[in-house]
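Peer 1: Residue numbers (the working numbering): 25 to 124.
Take a look at the following structure, please.
See the structure below:
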């Protein structure tokens, strides 16, 4: 039996990073972007949930704040899966049978 993640547990990592890291450190989006060596637009898109967290960005946050990149990437994967499950009935595939 597979364990299903309740949608309420899947938080976009950008929202979490904003509320748990960026804001408590008193950083603006612009300053956070400068410190991590990315554009303001890239940081804004991530923190506002408009862009996914990349492996590179996760490493940048890890180096700057000490949060494990793997943890943040698991958050992204969980969020992506819940988003896909929300419309899984629209995903049409043909079941493949084993040849042997």
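Each residue gets a CB set at the ideal place from its N, CA and C atoms; glycine is no exception.
1) For the alpha helix (DSSP H) that contains residue 69, what are its first and last residues?
2) In the structure shown, what three-state DSSP assignment does residue 98 receive?
3) Do you know offhand how far residue 56's Cα is from residue 103's?
4) With DSSP run on the structure shown, which of helix, strand or coil describes residue 172?
5) If you run the structure through DSSP and keep just helix, strand and coil, what is residue 48?
6) Within 10 angstroms of the Cβ of residue 100, are there 16 or more other Cβ atoms? Answer buried if so, exposed if not.
Peer 2: In terms of the structure at hand:
1) Indexing the chain shown from 1 puts residue 69 at position 45. Looking at the DSSP string, the run of the alpha helix (DSSP H) that includes residue 69 is 64-71.
2) Start at 1 with the first residue of the chain shown, and residue 98 comes out as number 74. DSSP places residue 98 in helix when its eight states are reduced to three.
3) Position 32 of the chain shown, counting from 1, holds the residue named residue 56. Position 79 of the chain shown, counting from 1, holds the residue named residue 103. When rounded, the distance between both Cα atoms is 23 Å.
4) Lying outside 25 to 124, the shown extent of the chain, residue 172 is not represented and no answer is given.
5) Here residue 48 corresponds to residue number 24 of the chain shown, with the count starting at 1. If DSSP states are grouped into helix, strand and coil, residue 48 belongs with coil.
6) Here residue 100 corresponds to residue number 76 of the chain shown, with the count starting at 1. Counting of Cβ neighbours within 10 angstroms places residue 100 among the buried residues, the total reaching 16 or more.
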